[in-house]
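Heads up: the structure comes next, in C-alpha cells.
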Ligand SMILES: N[C@@H](CCC(=O)N[C@@H](CS)C(=O)NCC(=O)O)C(=O)O
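Residue numbers (the working numbering): 1 to 193.
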C-alpha cells in the first residue's frame, strides 16, 4: 500500500517524516503551506477534517496524529526495530507518546513557567538510559521533534536538561534525522518564532 505524508516543514509532521526514513519504505510527500492556509482548504479537509498535519495516507486511508502514524509505521515495518514487541514496552511507548501529545505539545500556550515544569518532568521521566524505553523507539522520535522545535525557536527555553540535550545530540547524528532536516529546510520553514 502506497504511503503519502502530508507535512508542513518543521511542524509535528517532522516526526513521521523521520520515521519514514528510518523504516526505509518508499513514500511521497505533499507539503502544505501555513502561509497559504492550505490546511484549511477543502481538498485537504476532505482527507483530514481536523485540518492538521501529519496525515499519512495509507493507500486511500488517512492515519492522523503523530502517535497514530508512528505506531502504524513501527508495526508495519517491524524489521526497522522502532517498537519493542512485548506488551509492556509497547504500552510504555503509547504512554510516552500520549504524554508528549497531551502535556508537552500544548505547553507553549500556557507560558514559560509551565514549559519549564513539563520539560523538567520529561527529563526526570527519561531516567538514566540513552532512550525513553531503554532502546531507540518511536517514543524518542516523537520526543525529539518537540525538543528540536524548542531548541531551534527564538524564545528562551529551559536550561540544564542534560538528558534531553544528549538525546537531542544522539538523534541529530542519525541519518534519518539529517535527511528529514535537509528535505524540510529545503522546502522552507514557515514556523512562528
Ligand atoms: N495532536 C496532533 C497535533 C498536530 C498539530 O497540531 N499540527 C499542526 C502543526 S504542528 C497543524 O497541522 N496545524 C494546522 C492548523 O491548525 O491549521 C498530533 O499529535 O498530530
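Don't be surprised by glycine CBs; every beta carbon is placed ideally from N, CA and C.
task: Report the three-state DSSP secondary structure of residue 63 (helix, strand or coil).
output: strand
Would residue 80 pass as a contact of residue 22 if the rule is Cβ separation under 8 Å? Contact flag set, yes.
Please determine, among 192, 25, 16, the residue with the shortest C-alpha to C-alpha distance to residue 140. 16
* With respect to 7 Å, is the separation between the Cβ of residue 35 and the closest non-hydrogen atom of ligand 1 below this value? -> no
- prompt: Can you name the start and end residues of the beta strand (DSSP E) that residue 55 belongs to?
  reply: 55-58
For the alpha helix (DSSP H) that contains residue 138, what are its first and last residues? 138-151
Exercise. What does a CB cutoff of less than 6 Å around residue 57 pick up in its chain, not counting 5 residues either side in sequence?
Worked result: 4
Under 8 Å by Cβ, that's how I've got residue 94 and residue 12 pegged, so tell me the actual separation to the nearest angstrom.
Not confirmed; about 17 Å, so no contact.
**Message:** I'd like to know whether the C-beta atoms of residue 198 and residue 189 end up nearer to each other than 8 Å.
**Reply:** As shown, the chain starts at 1 and ends at 193. That puts residue 198 outside it, with no answer to give.
Report task. For the beta strand (DSSP E) holding residue 20, just list the boundary residues, first then last. Result -> Boundaries for residue 20: no beta strand (DSSP E) harbours it, while the alpha helix (DSSP H) harbouring it runs 14-23, taken from the DSSP string.
Which of helix, strand or coil DSSP assigns to residue 6: Residue 6: strand per DSSP, three-state reduction.
*asked:* Are there any heavy atoms of ligand 1 lying less than 7 Å away from the beta-carbon of residue 54, as far as the coordinates show?
replied: yes
- Taking only beta-carbon atoms, is residue 12 less than 8 Å away from chain D? Absent from the structure is chain D; it holds one protein chain and no more.
With DSSP as the reference, label residue 31 as helix, strand or coil.
strand
* Can you check whether the CB of residue 122 is closer than 8 Å to the CB of residue 71? -> No, the pair does not count as a contact, with Cβ atoms beyond the cut-off.
By DSSP, does residue 41 sit in helix, in strand, or in coil? coil
Practice item. Note down the Cα distance separating residue 50 from residue 35, rounded to an integer number of angstroms. Key: Spanning the two alpha carbons is a distance of roughly 18 Å.
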